[in-house]
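Protein chains in written order, with my numbering: chain A, 1 to 285; chain B, 1 to 252; chain C, 1 to 303.
All residues carry an ideal CB built from backbone N, CA and C; glycine is no exception.
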Amino acid sequence: MMRMRTLTQFFGFFFLRTCALFVVLILALLLGHIWQKGSGSLSWEFLSAAPRQGMTAGGIFPAILGTLCVTCIAAVLGMPLGIGCAIYLNEYAADTALTRVIRISIRNLSGVPSIVYGLFGVVLFVQLFKFGTSILSAGCTLGLMTLPWTITASEEALKNVPMAYREGALALGATKWQAIRTNVLPYALGGMITGTILSLSRVAGETAPILFTGAAFFLPELPKSVFDQFMALPYHLYIMSTQHHAVAKVRPLAYGTALVLIGLILALNLAAIILRARLRTMKKE
Amino acid sequence: MHDVKIKVSNFSLSYGDVPAIKNVTMSIKANRITGIIGPSGCGKSTFLRALNRMNDLILGVRTSGTILIDSEDILQKNVDVVHLRRRVGMVFQKSNPFPKTIFENVAYGLRIGGIKDKAYIEQKVEKSLQAAALWDEVKDRLHKSAFELSGGQQQRLCIARALAVEPEILLMDEPASALDPLATLKIEELIHELKKKYTIVIVTHNMQQAARISDFTAFFMLGELIEYDVANIMFTKPRKKITEDYITGRFG
Amino acid sequence: MKHAEAVKKYRARKIEERFFHSLFFINGILVIVVLAGIFAILLKTAAPAFREIDLREFFFTVHWDPAGYEKESYGIIAMLVSTFLVTLGALAIAIPIGIGAAAYLCDVAGPRVREIAKPLIEVLAAIPSVVLGFIGIVVVNPMLAKFFRQPNGLNAVNGSILLAIMALPTIISITEDALVSVPRSFEQASLALGATKWQTIIRVKIPAALSGIIAACMLGMGRAIGETMTVLMATGCAPALPTSYLHAVRTMTATIAIELGEVPYYSTHYYGLFAIGLTLFIITFMINLVADLVLHNFQKMQR
Chain A
1 MMRMRTLTQF FGFFFLRTCA LFVVLILALL LGHIWQKGSG SLSWEFLSAA
51 PRQGMTAGGI FPAILGTLCV TCIAAVLGMP LGIGCAIYLN EYAADTALTR
101 VIRISIRNLS GVPSIVYGLF GVVLFVQLFK FGTSILSAGC TLGLMTLPWT
151 ITASEEALKN VPMAYREGAL ALGATKWQAI RTNVLPYALG GMITGTILSL
201 SRVAGETAPI LFTGAAFFLP ELPKSVFDQF MALPYHLYIM STQHHAVAKV
251 RPLAYGTALV LIGLILALNL AAIILRARLR TMKKE
Chain B
1 MHDVKIKVSN FSLSYGDVPA IKNVTMSIKA NRITGIIGPS GCGKSTFLRA
51 LNRMNDLILG VRTSGTILID SEDILQKNVD VVHLRRRVGM VFQKSNPFPK
101 TIFENVAYGL RIGGIKDKAY IEQKVEKSLQ AAALWDEVKD RLHKSAFELS
151 GGQQQRLCIA RALAVEPEIL LMDEPASALD PLATLKIEEL IHELKKKYTI
201 VIVTHNMQQA ARISDFTAFF MLGELIEYDV ANIMFTKPRK KITEDYITGR
251 FG
Chain C
1 MKHAEAVKKY RARKIEERFF HSLFFINGIL VIVVLAGIFA ILLKTAAPAF
51 REIDLREFFF TVHWDPAGYE KESYGIIAML VSTFLVTLGA LAIAIPIGIG
101 AAAYLCDVAG PRVREIAKPL IEVLAAIPSV VLGFIGIVVV NPMLAKFFRQ
151 PNGLNAVNGS ILLAIMALPT IISITEDALV SVPRSFEQAS LALGATKWQT
201 IIRVKIPAAL SGIIAACMLG MGRAIGETMT VLMATGCAPA LPTSYLHAVR
251 TMTATIAIEL GEVPYYSTHY YGLFAIGLTL FIITFMINLV ADLVLHNFQK
301 MQR
């Protein structure tokens, strides 16, 4: 009886461990495969030149630039709005029905399919605001997508600021906004930036929302303003792996593109993680 | 000389439907130390926080009655709470220096008050630190983090910070409860010194401390003011049995 | 004179306070506006479609062929079935593995393993869907073709495998949260009665955390249904009604992604794609809302 039970436990734990190991293994295989096949394509030219000869040679510089541009616009739109909403929820809002609706909306926004954001962007930014299919439209669409994550992370950061900082400032005759601006935000900013970087890393790799809002198959020239179309890394990878007229021939380029995209996203994640660790040790001191 | 500074009449306060302070009437004298004692949860901290409207931060707080400071009712809706809190400073139970330098902590109240004159701020910071008996200990490291100070020093820094905005009244919520005996003694000496210029209301859990430093003592229980008298009388021959039971340590 | 100045300052402060309060209030309301705006815009743009397409045709006929040679047809059954086929396949893979991995991290793994594994799962969540779609083409595709002896492996199974990978991080992290929040006393009571750790996990902790786990699976499902790029790239995109997991399928998301770029604005076809988007939005919204309520109740109960 006893033996039976220990045996069951042994196999049970073995199963659980296998599950966890499996997940980690998938990640390792995935990254390993792309590194193995993609690192060969990496070169200075690949990173700094435009595609040539019908995208069968050359580099992916316009795509890198385009992705950086839309990510920046997403940050410019998403960060202040996200932080502002978090400030409202954590500093001003009472626990009312309205507040609860806001919270439900935030959680629901994070579950809206990315392609639906794309449709929304087409109607709102491309058509209604007349931004056209452009960097601006795509950036704004991605910016809205970051909101739920930026808000949640910013609120977390605000919660970590001790109540005593607010009370102390108010007791000295600070107005509420003064207390927030001088004695709360400075200490929450690090956490807010970390959260924003993480949410940017998520949208930087999104394809569906930019498909119809501004990403282009191929552009002979770099965009000159935010009202121009752009090439983007994720869209470029999609094209190179499915839409290109010589898919098999450009496979190495596709691997290279995938590697650069993953590299960019992991770099953003790493930056956020380092920043978070820094902040933690700073707080301890 | 012994003017009444704060006059509380029929003051009640409730959190939603839960009453926390019931019908308190008392006069607090200027340039005297008024100690407030009572078992935990008796409403003494709530009462203290009513005097500079810090309870406004808590939702669903309702008050009735009046609290006059220099004959102005501070419970009125249209009272300028920012101005009120500059007149009525507060020191908290747990010292709460801001994560800034020592200098910036003391200068904080001045800066948010819109003062930009650098020389004035410097002079004011020095004076406040001196008044809080901290200047000699920190004058060489004004621009170091306030967190480098010891617990007692941090609490005196918070007092200096409150003094810098030139209040008339100082509210202290168990200012020495987290400190060791030596640091406590220093704070008590300081409080004694401060009463020359300020009206002080201090909440304390510690009977001996109340007896040592207060001129008048108020005993609160379950939100009611049970007894209020000159400290000497209160601690030697209280009028009520329950007060005696409390100060002799039978409960609380 | 001095008094007048104080009053003036007071008024200015009051206006400033009110300004910032309103500013942040508007900012807070914004998320509701965005969510409602998404719904409103989808509804408004999809509305003309329902004027031109019969509702019964839209919801109850199989084929979607707006450019049909003989007759245009606007039925979403085939893509609806495809979407659920791929999603259910994904859940069948992801739920057992996800719960297993979460239980391992929560109850079996040491703190050091947890500290390494958790960021790794975050990294997995950060892998862009287009990269997974690419992996579906270059890795999973030949593997499946060989295994099932098919000419290629771009089919529903492929999509299910990739979506499972995408849903795993969501399922693992929320399930783990649910397991962690089961009161210690339950566990201790079970162990004190002589149960093994394994019995405690299976018979006490998982049942106690069940509604949280269900919510986790639903959120994973919502994520899978709404995913576009992986299914677009890896499932072969045949618009026929699938009858087996080895068929190529075309989901709702993939249909929008493929066709929206090619249709002229303000045509019936264009409106029809928004109608698909609206349907998709409502489905995921419902799933997320229910999951949210379940999770909320669960968290309340734990407190």
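| Item | Value |
| --- | --- |
| Cut-off 7 Å between Cβ atoms - residues of its own chain near C:ALA101, not counting five sequence neighbours on either side | ILE172 |
| Secondary structure of B:VAL165, DSSP reduced to three states | coil |
| Identity of the residue in C:GLN199, C:LYS8 and C:LEU232 nearest A:PHE10 by Cα | C:GLN199 |
| Listed by chain order, chain B residues near C:TYR10 by CB distance under 8 Å | ASP80, VAL82 and HIS83 |
| Chain C within 9 Å of A:ALA204, Cβ atoms only | yes |
| Of the residues C:PHE50, C:ILE95, C:VAL131 and C:ASP107, the one placed nearest A:LEU30, counting alpha carbons only | C:VAL131 |
| Within 9 Å, strictly: CB atoms of B:LEU190 and B:ALA146 | no |
| For B:VAL199, three-class secondary structure by DSSP | As written in the sequence, residue 199 of chain B is Thr, which differs from the Val given in the question. Three-state result, B:THR199: strand. |
| Sequence-distant residues of its chain with Cβ nearer than 7 Å to C:LEU295 (five each side left out) | GLY212 and ALA215 |
| 9 Å Cβ cutoff, C:ARG203 in contact with chain B | no |
| B:TYR108 and B:ALA164 closer than 9 Å at C-beta | yes |
| Positions along the stretch 159-172 of chain A whose CB lies within less than 9 Å of some CB in chain C | none |
| Inter-residue spacing [alpha-carbon to alpha-carbon] between C:GLU72 and C:PHE274 | 17 Å |
| C-beta neighbour in chain A for C:SER173, strict 9 Å | no |
| C-beta contact flag for C:ALA90 and C:LEU163 at 9 Å | yes |
| Interface residues of chain A facing C:SER129 [CB-CB closer than 9 Å] | SER114, GLY205, GLU206, THR207, ALA208 and PRO234 |
| Buried versus exposed, by CB contacts within 10 Å (16 or more), B:PRO167 | buried |
| Residue-chain proximity (A:GLN53, chain C), Cβ-Cβ < 9 Å | no |
| Cβ of C:ILE76 within 9 Å of any chain A Cβ | no |
| Cβ-Cβ distance between A:ALA275 and A:ILE151 below 9 Å | Note that residue 275 of chain A is Leu in the sequence shown here, rather than Ala. Taking 9 Å as the Cβ cut-off, A:LEU275 and A:ILE151 do not qualify as a contacting pair. |
| Sheet register partners of B:SER27 (DSSP bridge) | B:LYS7 |
| Identified DSSP bridge partners for B:THR217 | B:GLY35 and B:ASP229 |
| Spatial distance of A:GLU285 from A:ARG278 (CA atoms) | With a pLDDT of 47 at A:GLU285, under the threshold of 50, the predicted position of this residue should be treated as unreliable, though the coordinate-derived value follows. Taking the straight line from one Cα to the other gives about 11 Å. |
| Interface flag, C:LEU144 vs chain A, CB-CB below 9 Å | no |
| Exposed unless 16 or more other CB atoms sit within 10 angstroms - verdict on C:PRO207 | exposed |
| Top-ranked residue by Cα proximity to C:ILE121, from C:ILE165, C:ARG112, C:ILE93 and C:ALA109 | C:ILE165 |
| Burial state of C:ASN297 (16 or more Cβ within 10 Å) | exposed |
| C-beta neighbour in chain B for A:GLU285, strict 9 Å | Bear in mind that a pLDDT of 47 at A:GLU285, under 50, signals an unreliable position, so the model cannot answer this. |
| Nearest to C:THR251 (by Cα), restricted to the options C:LEU88, C:ARG13, C:ASN152 and C:PHE285 | C:LEU88 |
| Members of the stretch 34-67 of chain C that neighbour chain A once the beta carbon cut-off is set at 9 Å | VAL34, LEU35, ALA36, GLY37, ILE38, ILE41, LEU42, LYS44 and THR45 |
| For A:SER105 and B:THR199, the rounded distance between their alpha carbons | 50 Å |
| Residue burial classification, C:HIS3 (beta-carbon count within 10 angstroms, cutoff 16) | exposed |
| is_contact[C:PHE331, chain A] using C-beta, thresh 9 Å | An answer regarding residue 331 of chain C cannot be provided, because it is not within the stretch 1 to 303 covered by chain C. |
| Cutoff 9 Å: B:TYR120 Cβ touching any chain A Cβ | no |
| Residues from the stretch 172-189 of chain A in contact with chain B, defined by Cβ distance under 7 Å | LEU172, GLY173, ALA174, THR175, GLN178, THR182, ASN183 and TYR187 |
| Whole-angstrom distance between B:ARG53 and B:HIS205, CA atom to CA atom | 22 Å |
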